[in-house]
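Visitor: Sharing a structure, written as structure tokens. Questions coming.
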Amino acid sequence: MTTTEQLPDAVHSMSQRLTAEAIGTFLLVTSALLAPAGTTFAVVGLTLGVMVVAIGKVSGAQINPAVTTALIAARQFPLMEGLQYIVAQIVGAVLAMLLATSLLRGLGHPAGAVPANAGFWLAELLGAFILTFTVTRVVVSKVEVGAAAFAIGLALAIGIGVAGAFSGGVLNPAIALSLMFGGLISFGNGVLYLVMPLVGGLIGGLLARFLASPAELYVPAGRR
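The following block contains the structure:
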């Protein structure tokens with residue numbers, strides 16, 4: 004008979020917390036830079052809500068140096084840990100800018116514009132990562148059903164919104180196959196539409212698992 008006392012410790016390590024902050028900030032900044040024009044405020048707000056559900060149990064989902072600074076000033080967060088958080092957040096933001104620059108390079112559009120882009124494969128990977136990272140974190144952290152459905156639905160909307168201007172936001176190999184068979188996308192492009200969401204899913208799943216505590220990864224013997 005399994006008891007709660009037999010569950011592994013639920014404390015997350017500092018490396019897990021810093022990784023969560025970097026990922027959360029990366030996705031928040033990416034959504035701000037790549038959201039369709041006129042929707043940035045909504046996309047960023049929704050992304051923040053999704054990250055609170057996805058990584059809130061890991062790091063608190065501060066994902067903003069200003070928030071971390073405020074908590075340090077109020078003596079609600081240790082100074083040295085806060086400084087590490089801020090470094091992780093800056094790393095996430097810089098990576099987001101590099102990604103956005105790669106997608107928007109040569110188009111003459113500022114971040115937040117809605118250009119077409121030949122780098123659609125990267126957009127598909129990113130959109131799928133947003134969705135699958137959220138789904139896996141929700142499953143692993145055993146979020147309440149209502150909140151889980153809300154977060155996953157928003158994650159899909161954000162993924163499509165961020166990738167849509169570049170790739171159409173397919174994010175699903177099954178849909179990609181149907182588009183290929185229907186002649187709506189070429190075979191060459193279709194292969195990338197098939198593969199990139201799988202790569203995004205692999206990265207999303209592995210990072211979500213890395214952030215999990217031992218208790219979150221525990222599976223009773225009868226369910227293995």
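In my numbering, the protein residues as written are 4 to 227.
By construction, the Cβ of each residue, glycine as well, lies at the ideal position given by its N, Cα and C atoms.
Keep in mind it's a predicted model, so treat the numbers as computed, not measured.
Which runs of the alpha helix (DSSP H) at least 4 residues long sit entirely within the region 169–203? Give them in chain order.
Guide: Whole alpha helix (DSSP H) segments, 4+ residues: 176–184.
Visitor: How is the alpha helix (DSSP H) around residue 20 delimited, first residue to last?
Guide: In the sequence shown, residue 20 corresponds to position 17, counting from 1. 17–37 is the extent of the alpha helix (DSSP H) around residue 20.
Visitor: Nearest-angstrom Cα distance between residue 141 and residue 57?
Guide: Locating residue 141 in the sequence shown gives position 138, where the first residue counts as 1. Locating residue 57 in the sequence shown gives position 54, where the first residue counts as 1. Residue 141 and residue 57: Cα-Cα distance of roughly 6 Å.
Visitor: Assess contact between the region 142–155 and the region 164–181, defined as three or more Cβ pairs (one per stretch) separated by less than 8 Å. Is contact present?
Guide: The answer is no - the region 164–181 does not touch the region 142–155, with fewer than three Cβ pairs under 8 Å.
Visitor: Could you name each continuous alpha helix (DSSP H) segment of 4 residues or more that falls completely within the region 121–146, going from the start of the chain to the end?
Guide: The region 121–146 contains these whole alpha helix (DSSP H) runs: 123–143.
Visitor: Can you list, in chain order, the residues of its chain whose CB lies under 6 Å from that of residue 55, leaving out five sequence neighbours each side?
Guide: For the purposes of this step, residue 55 is taken as the residue at position 52 of the sequence shown. Excluding residues within five positions, the ones whose Cβ falls inside 6 Å are 64.
Visitor: If contact is defined by three or more beta carbon pairs under 8 Å, each pair taking one atom from either stretch, is the region 33–42 in contact with the region 91–105?
Guide: Yes, the region 91–105 touches the region 33–42.
Visitor: In or out: residue 79 buried (at least 16 other Cβ within 10 Å) or exposed?
Guide: Along the sequence shown, read from residue 1 onward, the residue named residue 79 stands at position 76. With fewer than 16 other Cβ atoms within 10 Å, it is exposed.
Visitor: Closest to residue 60 by CA distance: which of 91, 19 and 96 is it?
Guide: Within the sequence shown, residue 60 is the residue found at index 57, counting from 1. Nearest of 91, 19 and 96 to residue 60, Cα basis: 19.
Visitor: Among 212, 93 and 191, which one has its Cα closest to the Cα of residue 33?
Guide: Along the sequence shown, read from residue 1 onward, the residue named residue 33 stands at position 30. Answer by Cα proximity: 93.
Visitor: Which class does residue 78 belong to by DSSP, given the choice of helix, strand or coil?
Guide: In the sequence shown, the residue the question calls residue 78 occupies position 75. Three-state result, residue 78: coil.
Visitor: With a threshold of 8 Å on Cβ separation, who are the neighbours of residue 17 within its own chain once the five nearest residues in sequence on each side are excluded?
Guide: Looking up residue 17 in the sequence shown gives position 14. Counting only Cβ-Cβ distances below 8 Å, and skipping sequence neighbours, we find 84 and 87.
Visitor: Check whether chain B comes within 7 Å of residue 168, counting only Cβ atoms and requiring the distance to be less than that.
Guide: In the displayed structure, chain B is absent; only one protein chain is listed.
Visitor: Suppose you measure from the CA of residue 21 to the CA of residue 184; what does that come to, to the nearest Å?
Guide: Position 18 of the sequence shown, counted from the start, is the residue given in the question as residue 21. Position 181 of the sequence shown, counted from the start, is the residue given in the question as residue 184. Each residue's alpha carbon lies about 44 Å from the other.
Visitor: Would you say residue 66 and residue 28 are within 7 Å of each other, going by their C-beta atoms?
Guide: To locate residue 66, count along the sequence shown from 1; it is residue 63. To locate residue 28, count along the sequence shown from 1; it is residue 25. Yes. Within cutoff.
Visitor: Leaving out five residues on either side along the sequence, give the residues of the same chain with a beta carbon under 8 Å from the beta carbon of residue 117.
Guide: Mapped onto the sequence shown, residue 117 falls at position 114. Note that residue 117 scores 36 on pLDDT, short of 50, meaning its location in the model is unreliable; the coordinates nonetheless yield the value given after this. Counting only Cβ-Cβ distances below 8 Å, and skipping sequence neighbours, we find 39, 40 and 168.
Visitor: Measuring CA to CA, which of 214, 132, 150 and 155 is closest to residue 205?
Guide: Working through the sequence shown from its first residue, we reach residue 205 at position 202. The option with the nearest alpha carbon to residue 205 is 132.
Visitor: Could you spell out where the alpha helix (DSSP H) holding residue 214 opens and where it closes?
Guide: Within the sequence shown, the letter at position 211 stands for residue 214. Looking at the DSSP string, residue 214 is not in any alpha helix (DSSP H), and its letter there is neither H nor E.
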